[in-house]
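*Asks:* I'd like to ask some things about the structure below.
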Amino acid sequence: MISDRKDDHVRFAAEQQRHLEGYNQFDDVSFIHHALAGIDRSDVSLATRFGGIEWKVPLYINAMTGGSAKTGAINRDLAIAARETGVPIATGSMSAYFADESVADTFSVVRRENKDGFIIANVNANASVERAQRGIDLLQADALQIHLNVIQETVMPEGDRSFSSWAPQIEMIAAGVDVPVIVKEVGFGLSGETISLLAELGVCVADVAGRGGTNFAHIENDRRDHADYSYLNGWGQSTPACLLDAQGAGIPVLASGGVRSPLDVVRGLALGAAAVGVSGGFLRTVLDGGVPALISQISAWLDQVEALMTALGARTPSDLTQCDVLVRGDLRAFCADRGIE
Ligand code: FNR
Numbered sequence: 001m002i003s004d005r006k007d008d009h010v011r012f013a014a015e016q017q018r019h020l021e022g023y024n025q026f027d028d029v030s031f032i033h034h035a036l037a038g039i040d041r042s043d044v045s046l047a048t049r050f051g052g053i054e055w056k057v058p059l060y061i062n063a064m065t066g067g068s069a070k071t072g073a074i075n076r077d078l079a080i081a082a083r084e085t086g087v088p089i090a091t092g093s094m095s096a097y098f099a100d101e102s103v104a105d106t107f108s109v110v111r112r113e114n115k116d117g118f119i120i121a122n123v124n125a126n127a128s129v130e131r132a133q134r135g136i137d138l139l140q141a142d143a144l145q146i147h148l149n150v151i152q153e154t155v156m157p158e159g160d161r162s163f164s165s166w167a168p169q170i171e172m173i174a175a176g177v178d179v180p181v182i183v184k185e186v187g188f189g190l191s192g193e194t195i196s197l198l199a200e201l202g203v204c205v206a207d208v209a210g211r212g213g214t215n216f217a218h219i220e221n222d223r224r225d226h227a228d229y230s231y232l233n234g235w236g237q238s239t240p241a242c243l244l245d246a247q248g249a250g251i252p253v254l255a256s257g258g259v260r261s262p263l264d265v266v267r268g269l270a271l272g273a274a275a276v277g278v279s280g281g282f283l284r285t286v287l288d289g290g291v292p293a294l295i296s297q298i299s300a301w302l303d304q305v306e307a308l309m310t311a312l313g314a315r316t317p318s319d320l321t322q323c324d325v326l327v328r329g330d331l332r333a334f335c336a337d338r339g340i341e
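Every letter in the sequence shown is one number past the one before it in the UniProt record's numbering, and letter 149, counting from 1, is 149.
Set out below in structure tokens:
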């Protein structure tokens, strides 16, 4: 049952958040401190523009859920927090809706609770143009995400085994729907080569969704008694590695995967992301503390991102790319192996 799987994903992902290591590759990125670089807070704007999209803030709630009663309630809570803080929000994959229209409300609740917000629908790369547009219409969505999850499918016994249609299907969806198309991974990262290919396919924006946070190889292995693919738990590229790899790939990029703090948001923006997304961390907050806790977390993050930009002398999110950044450790080794300057 798809709805059981959705409930499992939420349960396992929230549990995983409690056991994440302290370190991830965002820690290999640090700013050179220039003590006289600071500007006036009133000169800082959080607004960001990329790929035909304009947001007031460079932070969003990334795709998670919908498709069961429990996950519909979570979508409602996430949508209220998005409305109260002004951050864009994506729903989870709408496959459950295409399979059974009776779960429509577990997705459309996001628009009902957040009438004026920026909402992103989410489909898999096998979706027909007609289904993708139906998902957009249900949410009156402002953009569409297509997720690439080949490793997750591989680990799932019931998962897809045919992936060659994905690229041509993405090209058809990008040409056929009436909103900007964002292609994202689900926590294993997008390589520079993949992002260049997405640009050729007509995709507006790529969300790297790299390693470092929610790990679907781990989740799918944990969901069953025999973890046949546990050796894939470390697969993929980290989010900062993807951002460095994406330079010059041809379309704007978003950063998500393992974002833990306002400092990680600012690091992601400094490495070239137009905005930064969070899934697992915000899920944990809303499950533990409800809507008030998530509103106060997102508000504090936005306030602190603005404070850090002020200290770093960045008037806009894209100004952060001009800051002096040091790359060390495993991330530096990745850059050397890939020939990234
Ligand atoms: C996800 N993610 C996800 N992505 C997607 O495109 N469609 C989906 O349906 C889902 N479902 C989903 C469920 C749950 C419970 C979680 C936590 C995540 C992946 C998500 O959008 C993101 O790419 C990864 O979770 C990495 O970001 P974090 O969690 O490390 O911030």
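We put the CB at the ideal spot given by N, CA and C, even for glycine.
Quantities reported herein were computed from a predicted structural model and do not represent experimental measurements.
#1: CB of V186 to nearest heavy atom of ligand 1: below 7 angstroms?
#2: A35 to V29, Cα distance in whole Å?
#3: Quick check for students: name the residue ranges of the beta strand (DSSP E) that lie wholly in the region 163-247, counting only runs of 3 or more.
#4: Does DSSP put I251 in a helix, a strand or coil?
#5: Please classify residue 411: does DSSP put it in a helix, a strand, or coil?
#6: Between G212 and Q16, which are expected to be in contact by the criterion C-beta below 8 angstroms, what is the C-beta distance as a whole number of angstroms?
#7: Please list, in chain order, all residues of the same chain as V177 whose beta carbon is under 8 angstroms from its beta carbon, the five residues on each side excluded.
#8: Span of the beta strand (DSSP E) holding V325?
#9: In this structure, does DSSP put Q17 in helix, strand or coil?
#10: Please classify G277: does DSSP put it in a helix, a strand, or coil?
#11: Which one or two residues does DSSP pair with Y97 in a beta bridge?
#12: Would you say H147 and N124 are within 8 angstroms of each other, going by their C-beta atoms?
#13: Helix or strand or just coil, what does DSSP make of F118?
#14: Do you know offhand how far R83's Cα is from D116's?
#15: In or out: I32 buried (at least 16 other Cβ within 10 Å) or exposed?
#16: Helix or strand or just coil, what does DSSP make of R332?
#17: Can you tell me whether G289 sits near ligand 1, meaning its C-beta is under 7 angstroms from at least one heavy atom of the ligand?
#18: Report yes or no: do the region 74-83 and the region 284-304 share at least 3 C-beta pairs separated by less than 8 angstroms?
*Replies:* Answer, in terms of the structure:
#1: Residue mapping note: residue 186 aligns to position 186 of the sequence shown, counting from 1. Yes, ligand 1 has a heavy atom inside 7 angstroms of this Cβ.
#2: Counted from its first residue, the sequence shown places residue 35 at position 35. Counted from its first residue, the sequence shown places residue 29 at position 29. Spanning the two alpha carbons is a distance of roughly 19 angstroms.
#3: 181-184, 205-207
#4: Here the question's residue 251 lines up with position 251 in the sequence shown. Reduced to three states, the DSSP call for I251 is coil.
#5: Since the first residue shown for the chain is 1 and the last is 341, residue 411 is missing from the structure and cannot be characterised.
#6: Here the question's residue 212 lines up with position 212 in the sequence shown. Here the question's residue 16 lines up with position 16 in the sequence shown. No, G212 and Q16 are not in contact; Cβ-Cβ is about 12 angstroms, not under 8 angstroms.
#7: As a position in the sequence shown, residue 177 is number 177, starting the count at 1. Around V177: V129, A132, Q133, I136, L144.
#8: Taking the sequence shown and counting its residues from 1, the one referred to as residue 325 is at position 325. Element bounds for V325: 325-327.
#9: Within the sequence shown, the letter at position 17 stands for residue 17. Q17 falls in the helix class under three-state DSSP.
#10: Residue numbering aside, residue 277 sits at position 277 when the sequence shown is read from its first letter. In this structure, G277 counts as strand in the three-state DSSP scheme.
#11: In the sequence shown, residue 97 corresponds to position 97, counting from 1. None, per the DSSP bridge assignment.
#12: For the purposes of this step, residue 147 is identified with residue 147 of the sequence shown, where counting begins at 1. For the purposes of this step, residue 124 is identified with residue 124 of the sequence shown, where counting begins at 1. Going by C-beta atoms, H147 is nearer than 8 angstroms to N124.
#13: Along the sequence shown, one-based indexing puts residue 118 at 118. Reduced to three states, the DSSP call for F118 is coil.
#14: In the sequence shown, the residue the question calls residue 83 occupies position 83. In the sequence shown, the residue the question calls residue 116 occupies position 116. So the alpha carbons of these two residues sit roughly 8 angstroms apart.
#15: Position 32 of the sequence shown, counted from the first residue, corresponds to residue 32. An exposed status is given to I32, since fewer than 16 other beta-carbon atoms sit within 10 Å of its beta-carbon.
#16: As a working mapping, residue 332 is identified with position 332 in the sequence shown. It is helical.
#17: The residue labelled residue 289 in the question sits at position 289 within the sequence shown. No - ligand 1 has no heavy atom lying nearer than 7 angstroms to the Cβ of G289.
#18: yes
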